[in-house]
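**Student:** Okay, handing you the structure first.
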Amino acid sequence: MADRDWSIETLHDDYRQALRIDAVHYDSNTDLQRIRVLENARFGRFMTLDGVVQTTEGDEFIYHEMMTHVPLLAHGHATRVLIIGGGDGGIAREVLRHPSVTHVTMVEIDAGVVEFCKEHLPSLSAGAFDDPRLNLVIADGAAFMRESDAEFDVIIVDSTDPIGPGEVLFTDTFYGHAQRRLRPGGILVTQNGVPFMQGDELTNTMRAFKALFGDATCYLSTIPTYAGGPMAMGWGTDGDARHVSLETLQTRYAASGLACRYYTPEVHKAAFALPGYVARLMP
1 MADRDWSIET
11 LHDDYRQALR
21 IDAVHYDSNT
31 DLQRIRVLEN
41 ARFGRFMTLD
51 GVVQTTEGDE
61 FIYHEMMTHV
71 PLLAHGHATR
81 VLIIGGGDGG
91 IAREVLRHPS
101 VTHVTMVEID
111 AGVVEFCKEH
121 LPSLSAGAFD
131 DPRLNLVIAD
141 GAAFMRESDA
151 EFDVIIVDST
161 DPIGPGEVLF
171 TDTFYGHAQR
181 RLRPGGILVT
191 QNGVPFMQGD
201 ELTNTMRAFK
211 ALFGDATCYL
221 STIPTYAGGP
231 MAMGWGTDGD
241 ARHVSLETLQ
251 TRYAASGLAC
261 RYYTPEVHKA
271 AFALPGYVAR
281 LMP
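Position 35, counted from 1, in the sequence shown is what UniProt numbering calls 35; the numbers after and before it change by one each time, with no gaps.
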């Protein structure tokens, strides 16, 4: 099959991955970036921004469950959550599955991403945008973090890779503003790429986190779409939530009513056990 029938991702100079295009559902340019919604027989519908795969129907549950349920169940009594990015609605969907959460602010820079995901990838948000607990703000996430005086129990940064509009969300200044938006015991979680392929990204984030938080590390999750090894999710808090016991996590998970496809309390605990090559990326 010719290259024109494949979506070839060129995020890395020396590595390529490709998904066969079985159908094209959307292809348009916004003011900020080119958005495409394509279909693959194995992964279902998938979205690309400037040629880089962001999410697929087939395995999105892994990313979204691990980005949300790890901090929320570790925290144990979060009521106010901030999402930076996440225009497909998957993070919001998982956060809002927690009945204890009373308010979610979601800041997305590109209204076009939200609108076409509602139309072309509705399973990702699964009605989250209609939940009265969700306040959707179309704005620059870095500016919101700098200017807002609101405080949150959990902040989830569901950013694109540190290129283009997403680059500012990986700076020390941004993380500093995020730290000031956390309530006591609050947790900041970030998307930090695949360490085997993007080691500098994790190292730089962890250097900033260690200057800001009493507990700064990352945890891992294996997501087929994000090839090259497990994905790292940055973790920063001044509390002791990372060390919550397995028994407590099991109790909280049962009480939440969640029935996850990837997350379990056991996976939660194991995700913080880092392979040597990842641990050596930590400053």
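We put the beta carbon where it would ideally sit given N, CA and C, even for glycine.
Relative to the C-alpha of Glu151, which candidate in Pro122, Leu188, Gln54 has its C-alpha closest?
**Tutor:** Looking up residue 151 in the sequence shown gives position 151. Of the listed residues, the one whose Cα sits closest to Glu151 is Leu188.
**Student:** Beta strand (DSSP E) containing Asn40: first to last residue?
**Tutor:** Numbered from 1 along the sequence shown, position 40 holds the residue referred to as residue 40. Looking at the DSSP string, the run of the beta strand (DSSP E) that includes Asn40 is 34-40.
**Student:** Buried or exposed: which applies to Asn40, given that a residue is buried once 16 or more other Cβ atoms fall within 10 Å of its Cβ?
**Tutor:** For the purposes of this step, residue 40 is identified with residue 40 of the sequence shown, where counting begins at 1. Per the 10 Å Cβ criterion, buried.
**Student:** So, is Asn135 buried or exposed, given that buried needs 16 or more other C-beta atoms within 10 angstroms?
**Tutor:** On the sequence shown, residue 135 is found 135 positions in, with the first residue counted as 1. Looking at its Cβ environment, which holds fewer than 16 other Cβ atoms inside 10 Å, Asn135 is exposed.
**Student:** Give every residue of the same chain whose Cβ lies closer than 6 angstroms to the Cβ of Gly229, excluding the five residues on either side of it in the sequence, and list them in chain order.
**Tutor:** In the sequence shown, counting from the first residue as 1, residue 229 sits at position 229. Val194, Phe196.
**Student:** Please report the straight-line C-alpha distance between Ala270 and His243, rounded to a whole angstrom.
**Tutor:** Here residue 270 is taken as the residue at index 270 of the sequence shown, counted from 1. Here residue 243 is taken as the residue at index 243 of the sequence shown, counted from 1. Going by the C-alpha atoms only, they are around 12 angstroms apart.
**Student:** Using 8 angstroms for Cβ pairs, my map puts Leu38 next to Ala23. What's the rounded Cβ distance?
**Tutor:** What you label residue 38 is simply residue 38 of the sequence shown in a count that begins at 1. What you label residue 23 is simply residue 23 of the sequence shown in a count that begins at 1. Yes, they are in contact, since the Cβ atoms of Leu38 and Ala23 sit about 7 angstroms apart, within 8 angstroms.
**Student:** State buried or exposed for Asp13, treating a residue as buried only when at least 16 other CB atoms are found within 10 Å of its CB.
**Tutor:** Taking the sequence shown and counting its residues from 1, one reaches residue 13 at position 13. It is exposed - the Cβ of Asp13 has fewer than 16 other Cβ atoms within 10 Å.
**Student:** Please report the residue range of the alpha helix (DSSP H) in which Thr205 lies.
**Tutor:** Residue numbering aside, residue 205 sits at position 205 when the sequence shown is read from its first letter. Thr205 -> alpha helix (DSSP H) spans 199-212.
**Student:** With H, G and I counted as helix, E and B as strand and the rest as coil, what does DSSP make of Glu57?
**Tutor:** By 1-based counting over the sequence shown, the position of residue 57 is 57. Coil, per DSSP.
**Student:** Quick one: what does DSSP say Arg261 is sitting in, helix, strand or coil?
**Tutor:** Here residue 261 refers to the residue found at position 261 of the sequence shown. Reduced to three states, the DSSP call for Arg261 is coil.
**Student:** Within 10 Å of its beta-carbon, does Arg261 have 16 or more other beta-carbons around it, so buried, or fewer, so exposed?
**Tutor:** Here residue 261 corresponds to residue number 261 of the sequence shown, with the count starting at 1. That one is exposed.
**Student:** According to DSSP, is Leu124 helix, strand or coil?
**Tutor:** Counted from its first residue, the sequence shown places residue 124 at position 124. Helix.
**Student:** Does the Cβ of Ala279 have 16 or more other Cβ atoms within 10 Å, making it buried, or fewer, making it exposed?
**Tutor:** Looking up residue 279 in the sequence shown gives position 279. Under this definition Ala279 is an exposed residue.
**Student:** Measuring only the C-alpha atoms, how far is Arg42 from Glu147?
**Tutor:** If you number the sequence shown from 1, residue 42 lands on position 42. If you number the sequence shown from 1, residue 147 lands on position 147. Taking the straight line joining both Cα atoms gives about 43 angstroms.
**Student:** Within the continuous beta strand (DSSP E) that includes Ser100, where are the two ends?
**Tutor:** Here residue 100 refers to the residue found at position 100 when the sequence shown is read from its first residue. Unbroken run through Ser100: none, as it is neither H nor E.
**Student:** In whole angstroms, what is the alpha-carbon distance linking Gln179 and Asp5?
**Tutor:** As a first step, residue 179 must be located in the sequence shown, where it is residue number 179. As a first step, residue 5 must be located in the sequence shown, where it is residue number 5. In a straight line, the C-alpha of Gln179 is about 44 angstroms away from that of Asp5.
**Student:** Run the CB neighbour count on Ser221, radius 10 Å, all protein chains shown included, and call it buried at 16 or more, exposed below.
**Tutor:** Within the sequence shown, numbered from 1, the residue matching residue 221 stands at position 221. With 16 or more other Cβ atoms within 10 Å, it is buried.
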